[in-house]
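Asks: Provided herewith is a single structure, encoded as structure tokens, for subsequent inquiry.
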Amino acid sequence: MTNKKNGFWGRFLMFLMLFFLYAPIFVLIVFSFNSSKSRSVWTGFTTDWYVKLLHNSAILNALYTTLLVSVLAAIIATIAGTFASIGLYNMRRRWREPLLQVNNIPVINADIITGVSLCILFVFLGRRLGFELGFGTLLIAHVTFNIPYVILSVMPKLRQLDNNLFEAAQDLGCTWMQAFVKVIIPEIMPGIVNGLLMAFTLSVDDFVISYFTAGSVETLSMRIYAMTKKRISPEINAISTILFVTILLLLIIINVREAQQEKAAKKRREEFKQ
């Protein structure tokens with residue numbers, strides 16, 4: 004009886020948590036289709052705010068900057084993170100474990116600390132090297148906080164590799180580069196793709212670090228923040244809805260890929276046992 008009560012209250016508290024998290028987002032999505040500017044009275048269905056959004060040059064420029072930074076940062080961070088993961092994997096344990104702990108610090112660190120510290124670093128270097136905060140510093144900042152997530156995605160795939168796989172490929176006639184490209188990379192590709200998607204998602208969603216390192220450049224999240232300082236327009240609801248749906252779809256893709264990979268790995272283990 005006690006277990007049933009605990010199970011009921013556990014589910015009830017989970018429901019309350021999800022309700023308070025997602026109810027405001029649901030209201031935002033609903034009122035992005037409201038025909039009036041009212042944020043409390045529903046007057047009819049319309050998609051005019053999405054049409055007006057497409058003609059808002061400030062938002063479109065911010066969206067272009069966000070996508071460009073996210074794509075470039077994701078690609079650069081994925082390449083750097085993959086090679087860093089391979090380097091860490093081949094280190095001795097006494098060196099690898101401390102470095103992996105250092106890699107985890109940016110993941111659990113507050114964004115405000117990362118953003119302020121990068122801002123101070125860029126300002127310090129800019130005064131001596133003659134550059135200002137802008138697109139370049141924004142891109143470097145995004146690459147910096149994305150790399151640890153790529154490493155966390157690739158390292159588990161490296162641990163699943165057979166240690167003799169690389170040598171076996173060389174014994175069969177492959178050069179070290181051929182063995183790396185045609186054998187190792189395909190084996191860890193699921194982790195690389197997951198790291199790429201995670202890096203892109205984090206870049207699109209970031210506000211705090213971008214705010215401190217962008218200078219005169221404006222990302223989509225920064226544009227939305229600037230719009231909230233004035234009278235809130237339903238265009239904010241529309242762009243927020245698009246951003247939420249985009250991030251949600253990317254997260255679903257990541258989770259589905261991980262589930263498929265676990266299922267495929269389990270199937271391979273069962274076939275190997277047979």
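Residues 4 to 277 (this note's numbering) are what the sequence shown spells out, left to right.
Backbone N, C-alpha and C fix where the C-beta goes; we use that ideal spot for every residue, glycine too.
Please read all numbers here as calculations on a predicted model, not as lab measurements.
1) Work out the CA separation of Leu124 and Phe183 for me, nearest whole Å.
2) Note the first and the last residue of the continuous alpha helix (DSSP H) segment covering Lys55.
3) If we ignore side chains and look at the alpha-carbon of each, how far apart do Ala267 and Val259 end up?
4) For a minimum of 4 consecutive residues, which ranges assigned as the alpha helix (DSSP H) are wholly contained in the region 88 to 153?
5) Going by other Cβ atoms of all chains shown within 10 Å of its Cβ, with 16 needed for buried, is Glu100 buried or exposed?
6) Out of Leu175, Arg162, Met158 and Asn166, which one is the CA nearest neighbour of Ser88?
7) Where in the region 149 to 190 do unbroken runs of the alpha helix (DSSP H), each at least 4 residues long, occur, reported from the N-terminal end onward?
8) Using the C-alpha atoms, what's the distance from Leu175 back to Ala144?
9) What does Asn37 pair with, by DSSP beta-bridge criteria?
10) For Leu91, which of Val153, Gln173 and Thr178 has the nearest alpha-carbon?
11) Could you give the DSSP three-state label for Gly218: helix, strand or coil?
12) Just to confirm the assignment, what range does the alpha helix (DSSP H) spanning Ser224 have?
13) Let me confirm a value: Lys232 is counted as buried when at least 16 other C-beta atoms fall within 10 Å, else exposed. Which label applies?
14) Please confirm whether Glu221 and Thr117 have their CB atoms less than 8 Å apart.
15) Mapping DSSP to helix, strand and coil, what is Phe210?
16) Is Ser73 helix, strand or coil when you go by DSSP?
17) Thinking C-beta only, is Phe36 closer than 8 Å to Phe48?
18) How about Asn149 and Ala80: are their beta carbons less than 8 Å apart?
19) Where does Leu19 land, buried or exposed, given buried means 16+ other C-beta within 10 angstroms?
20) Run the CB neighbour count on Met201, radius 10 Å, all protein chains shown included, and call it buried at 16 or more, exposed below.
21) Report all residues from its chain with a CB closer than 7 Å to the CB of Ser243; omit the five preceding and five following residues, and keep chain order.
Replies: Taking the geometry as given:
1) 36 Å
2) Asp51 to Leu57
3) 12 Å
4) 96 to 111 and 114 to 132
5) exposed
6) Met158
7) 168 to 174 and 179 to 182
8) 43 Å
9) Phe48
10) Val153
11) coil
12) Leu223 to Thr231
13) exposed
14) no
15) coil
16) helix
17) yes
18) yes
19) exposed
20) buried
21) Leu31 and Ile227
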